[in-house]
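Visitor: Pasting in a structure now, in structure tokens, and then I'll have a few things to ask.
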């Protein structure tokens, strides 16, 4: 059964739907609300050999977001993601002893399905898109990270208001 759409009478410029909506396409509002997920609300975790990038991310986020944590070890990062809610993990791929794909896989395996993981890659890093996809990597940022790219990534991945 098709439901007539009132906007169709307004003309093609204001009507964007190619076909009339089906009744099944309009779920019960209560069911829709139950299926919606809130935007991520945990901390931002930086895996880096120094704290300078963490300080920059904290400055960019300001008071709009929760804490920005920092570590230089993979086991600590995995433990932090298990113990506290983390919305975003940013892994510097040049940190010695850290396999970014393995860290991402461990975070995702322990229930971090909604945790976005982004790799910070330098020119010497060989990005393996198949391993990244299998591990659940959400994206990458080239180092040095330009402030506008950092801001855009944080807004997108943390669902921040514009």
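In the numbering used here, the protein residues as written are 1263 to 1424.
Each residue gets a CB set at the ideal place from its N, CA and C atoms; glycine is no exception.
1) Quick test of the definition: if touching needs 3 or more C-beta pairs under 8 Å, does the stretch 1359-1377 touch the stretch 1342-1349?
2) Identify every residue that forms a DSSP beta bridge with residue 1402.
3) List the DSSP bridge partners of residue 1350.
4) Name the two residues that bound the continuous beta strand (DSSP E) containing residue 1413.
5) Comparing the C-beta of residue 1382 with each C-beta of chain D, is any distance below 8 Å?
6) What separation, rounded to the nearest whole angstrom, lies between the Cα atoms of residue 1421 and residue 1295?
7) For residue 1364, does the count of other Cβ atoms within 10 angstroms reach 16, so buried, or fall short, so exposed?
8) Just reading off the beta strand (DSSP E) that residue 1333 is part of, what are its end residues?
9) Since residue 1338 is in the alpha helix (DSSP H), which residue starts that stretch and which ends it?
10) Please report the distance separating the alpha-carbon of residue 1307 from that of residue 1316.
11) How close, in whole Å, do the beta carbons of residue 1366 and residue 1397 come, if the pair is a contact with beta carbons under 8 Å?
Guide: Reading from the atomic positions:
1) The answer is yes - the stretch 1342-1349 touches the stretch 1359-1377, with three or more Cβ pairs under 8 Å.
2) Residue numbering aside, residue 1402 sits at position 140 when the chain shown is read from its first letter. According to DSSP, residue 1402 bridges with 1381.
3) Here residue 1350 refers to the residue found at position 88 of the chain shown. Its beta-bridge partners are 1306 and 1378.
4) The count along the chain shown starts at 1 and reaches residue 1413 at position 151. Not the beta strand (DSSP E): residue 1413 falls in the alpha helix (DSSP H), residues 1409-1420.
5) Absent here is chain D; the protein component of the structure consists of one chain.
6) For the purposes of this step, residue 1421 is identified with residue 159 of the chain shown, where counting begins at 1. For the purposes of this step, residue 1295 is identified with residue 33 of the chain shown, where counting begins at 1. Residue 1421 and residue 1295: Cα-Cα distance of roughly 18 Å.
7) Indexing the chain shown from 1 puts residue 1364 at position 102. By the beta-carbon neighbour count (other beta carbons within 10 angstroms, threshold 16), residue 1364 is exposed.
8) Position 71 of the chain shown, counted from the start, is the residue given in the question as residue 1333. Looking at the DSSP string, the run of the beta strand (DSSP E) that includes residue 1333 is 1330-1333.
9) For the purposes of this step, residue 1338 is identified with residue 76 of the chain shown, where counting begins at 1. It spans 1336-1345 - the alpha helix (DSSP H) in which residue 1338 sits, taken as one unbroken run.
10) Counting from 1 along the chain shown, the entry for residue 1307 is found at position 45. Counting from 1 along the chain shown, the entry for residue 1316 is found at position 54. Whole-angstrom Cα-Cα distance: 8 Å.
11) Position 104 of the chain shown, counting from 1, holds the residue named residue 1366. Position 135 of the chain shown, counting from 1, holds the residue named residue 1397. Yes, they are in contact, since the Cβ atoms of residue 1366 and residue 1397 sit about 4 Å apart, within 8 Å.
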